[in-house]
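**Q** Before I ask anything, here is the structure I am working with.
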Amino acid sequence: MELTPVAVAAGRRLSERLFNNKPDEHLDYSNIPTVVFSHPPIGTVGLSEPQAREQYGDEQVKVYKSSFTAMYTAVTTHRQPCRMKLVCVGPEEKIVGIHGIGFGMDEMLQGFAVALKMGATKKDFDNTVAIHPTASEEFVTMR
Numbered sequence: 043m044e045l046t047p048v049a050v051a052a053g054r055r056l057s058e059r060l061f062n063n064k065p066d067e068h069l070d071y072s073n074i075p076t077v078v079f080s081h082p083p084i085g086t087v088g089l090s091e092p093q094a095r096e097q098y099g100d101e102q103v104k105v106y107k108s109s110f111t112a113m114y115t116a117v118t119t120h121r122q123p124c125r126m127k128l129v130c131v132g133p134e135e136k137i138v139g140i141h142g143i144g145f146g147m148d149e150m151l152q153g154f155a156v157a158l159k160m161g162a163t164k165k166d167f168d169n170t171v172a173i174h175p176t177a178s179e180e181f182v183t184m185r
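Heads up: the sequence shown runs through residues 43 to 185, numbered per this note's numbering.
Below is the structure:
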C-alpha cells in the first residue's frame, strides 16, 4: 500500500471530523491502488485472484489476462511486454481486481482504480472504446 497518499487522505478525513463537524468522514481502506516503481513498474488495485477465490469461491471468479508490447519498446531489441489481469466475480462480472506489470502501468492504473472503486463490470470495460495503440487498451479489449 502506498504510504504517503494514504496518510494524506487519512489526515484530511481526520481534520474534517475534528474541525468541520463531519463525524462520518472516514477513509475507505479497501481498493487503494498500489504501484511498485520498478523497471518495469507493477500496479495493483483490489483483490488478487487467490483472494477473490477465497472470498467468493472458485465458481464465482472469472479471470481475464492479456499481454501487449508498447510501441515504446516494440521496435527495439529489448521488447518489454505488459502483462495485465482483470479479476471479476459473479454473473455480472463485477471487477474486483486489476493488476499489471509493464511500461506505463504506474500511470495507467489510477483511472482504472476509479472505475473499480465505482463498481465497474467487465461489460462496462467492454463497452469502452479503446485508445489505440496503447497498453491500457488491453484492459478494455480483453476477451
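We put the beta carbon where it would ideally sit given N, CA and C, even for glycine.
Would you mind sorting Pro92 into buried or exposed? The rule is 16 or more other CB atoms within 10 Å of its CB.
**A** exposed
**Q** Run through the DSSP bridge pairs and tell me what Ile140 is partnered with.
**A** Val87 and Leu128
**Q** Spell out the partners DSSP gives Val117 in its beta bridges.
**A** None, per the DSSP bridge assignment.
**Q** Grab the span of the alpha helix (DSSP H) containing Thr46 for me, first residue to last.
**A** Leu45 to Phe61
**Q** Quick check on the burial criterion: 16 or more other C-beta atoms within 10 angstroms. Buried or exposed for Phe145?
**A** When all chains shown are included, Phe145 counts as buried.
**Q** Can Arg55 and His68 be called in contact, C-beta distance under 7 Å?
**A** It is a contact, given that the beta carbons lie within the stated cut-off.
**Q** Over what stretch of residues does the beta strand (DSSP E) that includes Val182 continue unbroken?
**A** Where Val182 is concerned, there is no enclosing beta strand (DSSP E), although the alpha helix (DSSP H) it sits in stretches over Glu179 to Thr183.
**Q** Since Val48 and Ile74 should fall inside the 8 Å C-beta cutoff, what is the C-beta to C-beta distance between them, to a whole number of angstroms?
**A** 6 Å
**Q** Would you mind sorting Ile173 into buried or exposed? The rule is 16 or more other CB atoms within 10 Å of its CB.
**A** exposed
**Q** Given a cut-off of 7 Å, decide if Pro82 and Ile140 are closer than it, judged by their beta-carbon atoms.
**A** no
**Q** Are Ala167 and Val182 close, meaning C-beta to C-beta below 7 Å?
**A** Correcting the residue type first, residue 167 is Phe in the shown sequence and not Ala. Going by C-beta atoms, Phe167 is nearer than 7 Å to Val182.
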